[in-house]
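This report concerns only the one structure given below.
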Amino acid sequence: MSSSSVAVVDYGMGNLHSVASALDKVGDGVKVIVTDCPDTILSADRVIFPGVGAIRDCMAELKSRGLDEVIQEVAAQKPMLGICLGMQALLENSEENGGVECLDILPGAVKFFGNDLHDSAGTRLKVPHMGWNNVAHSIEHPLWEGIANNSRFYFVHSYYVDAPDFVAGTADYGVQVHAALACENVFAVQFHPEKSGEAGLRLLRNFLNWDRPTASFFPVSD
Amino acid sequence: MALAKRIIPCLDVDKGRVVKGVNFVGIRDAGDPVEVAKRYNEQGADEITFLDITATHEGRETTVHTVEQIAAEVFIPLTVGGGIREIKDIRTMLNAGADKVGINSAAIHRPDFVKEAADRFGSQCIVIAIDAKRVADEADGRPRWEIFTHGGRKQTGINAVEWAIKMVENGAGEVLLTSMDGDGTKAGYDLALTRAISEAVPVPVIASGGVGNLDHMVAGIKEGLADAVLAASIFHFAEYTVPEAKAYMAARGIEVRL
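Pasting the structure below:
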């Protein structure tokens, strides 16, 4: 792994510093490149697609830099980890900003928690969903290796993923949040592994060690 | 299984040192901020808040460097407040590795600042920091709290609950609520104030100011309805550790990250 590289996609949306320094921490010599250069991203061994903020700006920034197509290509080729907004952008569409078409790499939608969210006991839940919540593993996956089922990860989001086809992990917050998705060489998480202490660092280390499946059946849209 | 209530140690930092005073005077040295942050991270703190109380330009540069050092070693959320006056201050702190910034007096001078900041960086990283004190009751007998600035010396006439609502409407994603009556006194959070604001806004509220023992933290959550509790001196001077606080709260039925 020491000679491999990981590109962190920089499109002006987010805490790239945090992601990069967490990768430096666990990377054991892996080259961490924060970049918006399509060629650099496409030539990296693995790609992290992070993001915080609003989806409309996210999609606009991706398109203006030609990175929407780059992400499509990466998703069909090599291990990719989407984080938070970077996960949401992979889906078909989002309710945020009055409705935004996303990259349509994974089937599913991004929905608003609503202003009247309650838990099963009737207690009002605050939005954004901010803090440490349990993530239940839905499948076994190399990225969960060494992470106990129901470990807590740090979330901060007002819109949640509903993508039942490829669920890898769930969290409960008034609704069932699809907190992790896995499909071929793509893994995507709603929470922030770079801010989730030991469990998060382990997930990032697992990603850097993940031997990707060779085949892809992604419907890459054009 | 549910979202955990957060325990947030707070570092008041002046000229590169963690300090803690009582009602903003009588400062005591509590160590190197990077070492202190690492210690709390190792103890299982859920988040760290860093309040820069330095007034000088040189001090600000020290702060940025300190935030960078903390962010390189501590992989839990980091909020930085103090001296955030312009969009560029937010960008500087986020680039240094902060996840959220606390905006306080700049919002009082220019309420649209919070809106501009939230539009630019997202509500998730904009914390409205409110310093409030109880003042004479309303005409109908209900309690009234007002925003104070300048370390609690200057009364603004702004109703704290109304202010919290307005700032959240402007895009703040969280409220850091400090009772100036309680700050540094160890007499406990102002529970009525905490509850009034927590019930008034849809976003998470962090209770701050006055925690002296673990029962105060429990009350902040159970009676104040806070989503997170912030404390400084009880942790800095090793009266309690973060794990002790969490175990105590868990034993009283509060969901925490153990």
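Here the protein sequences line up with chains X and B, keeping their order.
Following numbering that gives the first Met the number 0, the numbering of the first sequence begins with 0 at its first residue and continues without gaps.
Following numbering that gives the first Met the number 0, the numbering of the second sequence begins with 0 at its first residue and continues without gaps.
Don't be surprised by glycine CBs; every beta carbon is placed ideally from N, CA and C.
(message) Can you check which of these residues, His149/B, Val66/B and Arg133/B, is closest to Arg143/B by C-alpha distance?
(response) Nearest Cα to Arg143/B within the set His149/B, Val66/B and Arg133/B: Arg133/B.
(message) Are the CB atoms of Asn132/X and Leu2/B within a distance shorter than 7 Å?
(response) yes
(request) Note down the Cα distance separating Lys153/B from His108/B, rounded to an integer number of angstroms. (result) 13 Å
(message) Judging by CA-CA distance, which residue of Asp103/X, Arg123/X, Asp44/X and Ile104/X is the nearest neighbour of Ser197/B?
(response) Arg123/X
(request) Return the first residue and the last residue of the alpha helix (DSSP H) that Pro76/B is part of. (result) Element bounds for Pro76/B: n/a, residue is neither H nor E.
(message) Which residues does DSSP list as the beta-bridge partners of Val113/B?
(response) Its beta-bridge partners do not exist; DSSP assigns none.
(request) Tell whether a beta-carbon distance below 7 Å holds between Gln123/B and Val109/X. (result) no
(request) For Ser220/X, collect the residues of the same chain with a Cβ closer than 6 Å to its Cβ; drop the 5 residues on either side in sequence, then sort them by chain order. (result) Reliability fails at Ser220/X, whose pLDDT of 41 lies under 50, so the model's placement of it is uncertain and no value is given.
(message) Distance cutoff 7 Å, beta carbons only. Does Leu61/X sit that close to anything in chain B?
(response) no
(message) Could you tell me which whole beta strand (DSSP E) segments of length 3 or greater appear in the segment 113-162 of chain X?
(response) DSSP runs (the beta strand (DSSP E)) wholly in the segment 113-162 of chain X: 128-133, 151-156 and 158-161.
(message) With distance defined between alpha-carbon atoms, name the residue in Val46/X, Pro78/X and Pro106/X nearest to Leu223/X.
(response) Given that chain X is displayed from residue 0 to residue 221, the structure contains no residue 223/X and the question cannot be resolved.
(request) Mind checking which residues open and close the alpha helix (DSSP H) that includes Ser20/X? (result) Leu15 to Val25
(message) Quick check: the Cα distance between Cys9/B and Ser232/B, rounded to an integer number of angstroms?
(response) 9 Å
(request) Using alpha carbons as the reference points, say which of His140/X, Asn184/X and Phe190/X lies closest to Asp171/X. (result) Phe190/X
(message) Please list, in chain order, the chain X residues whose beta carbon lies closer than 7 Å to that of Met0/B.
(response) Asn133, Asn149 and Asp171
(request) Check Met166/B in the structure and name its three-state DSSP category. (result) helix
(message) 7 Å is my cut-off, CB to CB: does Ala178/X come that close to chain B?
(response) no
(message) Considering only the alpha carbon of each residue, which of Val200/B, Ile253/B and Ala246/B lies closest to Gln42/B?
(response) Minimum Cα distance to Gln42/B is reached at Ala246/B.
(request) Give me the Cβ distance between Ala36/B and Ile47/B, rounded to the nearest whole Å; I'm assuming they're in contact under 8 Å. (result) Contact holds; Cβ gap of about 5 Å.
(request) At 7 Å on the CB atoms, spell out the chain B contacts of Val155/X, in chain order. (result) Gln123
(request) Using the Cα positions of Ile75/B and Gly140/B, report the straight-line distance between them to the nearest angstrom. (result) 43 Å
(message) Using the Cβ count rule (16 or more neighbours within 10 Å means buried), how would you classify Pro127/X?
(response) buried
(request) Specify the secondary structure class of Phe168/X as computed by DSSP and reduced to three states. (result) One point to set straight first is that residue 168/X is Gly, not Phe, in the sequence displayed. The answer is strand: DSSP assigns Gly168/X an E or B state.
(request) Within the same chain, show all residues whose beta-carbon is closer than 7 Å to that of Met0/X, passing over the 5 residues directly before and after it, in chain order. (result) Any answer about Met0/X is weak, because its pLDDT of 47 lies below 50 and its placement is not dependable; what the coordinates show is given next. Excluding positions up to five away in sequence, the list reads Asp27, Val29, Leu207 and Asn208.
(message) I want to see whether chain B comes within less than 7 Å of Ser1/X, judged by CB atoms only; does it?
(response) For Ser1/X, the predicted model reports a pLDDT of 47, less than 50, meaning its position is unreliable; a value from the coordinates is still stated below. It does not: the Cβ of Ser1/X has no partner Cβ on chain B nearer than 7 Å.
(message) Using a Cβ-Cβ cutoff of 9 Å, what residues of the segment 80-94 of chain B are near chain X? List them in chain order.
(response) Leu93 and Asn94
(message) Assess contact between the segment 57-64 of chain B and the segment 135-149 of chain X, defined as three or more Cβ pairs (one per stretch) separated by less than 8 Å. Is contact present?
(response) no
(request) Please say whether Leu80/X and Ala162/X have beta carbons closer to each other than 7 Å? (result) Between Ala162/X and Leu80/X, the C-beta spacing is not below 7 Å.
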